[in-house]
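Colleague:
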Amino acid sequence: MTPSPLIEGDWIRGITIRQPWATCILTGAKTIENRPRPWKPGRVLLHAGQSTDRAALHTPLVARTIRGRDLAAGAVIGIARIIDCHQDPAGSQPCTEWAQPDRWHLVLTDVQELALPIPARGQLGP
Numbered sequence: 028m029t030p031s032p033l034i035e036g037d038w039i040r041g042i043t044i045r046q047p048w049a050t051c052i053l054t055g056a057k058t059i060e061n062r063p064r065p066w067k068p069g070r071v072l073l074h075a076g077q078s079t080d081r082a083a084l085h086t087p088l089v090a091r092t093i094r095g096r097d098l099a100a101g102a103v104i105g106i107a108r109i110i111d112c113h114q115d116p117a118g119s120q121p122c123t124e125w126a127q128p129d130r131w132h133l134v135l136t137d138v139q140e141l142a143l144p145i146p147a148r149g150q151l152g153p
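In terms of my numbering, the sequence shown opens at residue 28 and continues consecutively.
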């Protein structure tokens, strides 16, 4: 999919995501990112933080999604667009299998993986 062009007033923020979640987004399987607070729509640099959620590596859904892929850390690995931010209503089915209850779900589209990771050791966003 070709990313949509930036429009006047559009700006790019950074979002730091622990591995393996960042790689799951790059594969296109994980179309949301769970956050404790809402975010505004717009472009984001996908930054793979330096920490890894080791327990997630043993989750079958995650393991299938990242099989055969490198897990870059401390680097910008892609770009995406947040098109929506919502919470699932109490008692409803989650919006996707990746959704965590009581979290804000950032809906991602136009995900583009960079050809090579760009080292960025610090956190780019909350």
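C-beta: ideal position from N, C-alpha, C; glycine also.
None of the values given here were measured: they were computed from a predicted structure.
Mind checking H113: buried by the 16 CB within 10 Å criterion, or exposed?
Modeller: Counting C-beta atoms within 10 angstroms of its own C-beta, H113 has fewer than 16 neighbours from the protein chains shown and is therefore classed as exposed.
Colleague: With DSSP as the reference, identify every bridge partner of I39, one or two as the case may be.
Modeller: R70
Colleague: Taking the alpha carbon of D129 as the reference point, which residue from P116, P68, Q139 and P47 has its own alpha carbon closest?
Modeller: P116
Colleague: Short check: CB of P47 to CB of I104, under 7 Å?
Modeller: Their beta carbons are not under 7 Å apart, which means P47 does not touch I104 by this criterion.
Colleague: Looking only at its chain, what residues have a beta carbon closer than 7 Å to the beta carbon of C51, apart from the 5 residues adjacent to it on each side?
Modeller: K57, V89, T92 and I93
Colleague: Thinking just about the alpha-carbon of each residue, which of S78, L73, L141 and I110 is nearest to the one in P65?
Modeller: I110
Colleague: Measure the alpha-carbon distance for G118 versus E60 and round it to whole angstroms.
Modeller: Computed Cα separation, rounded: 20 Å.
Colleague: For the region 99–141, which segments carrying the beta strand (DSSP E) assignment without a break, of at least 3 residues, lie completely within its bounds, in sequence order?
Modeller: 102–113
Colleague: Per DSSP, which residues does I145 bridge with? Please list them.
Modeller: Residue pairing by DSSP places I145 opposite V103 in a beta bridge.
Colleague: Taking only the alpha-carbon atoms, compute the straight-line gap between H74 and L84 and give it to the nearest angstrom.
Modeller: 18 Å
Colleague: Which residue wins for smallest C-alpha separation from I44, given the options P87, G69, D97 and S78?
Modeller: S78
Colleague: If you drop the 5 nearest sequence neighbours on each side, which residues of the same chain put their C-beta closer than 6 Å to that of L68?
Modeller: This sequence places Pro at residue 68; Leu is not what is there. Cβ neighbours of P68 beyond the five flanking positions: I109 and I110.
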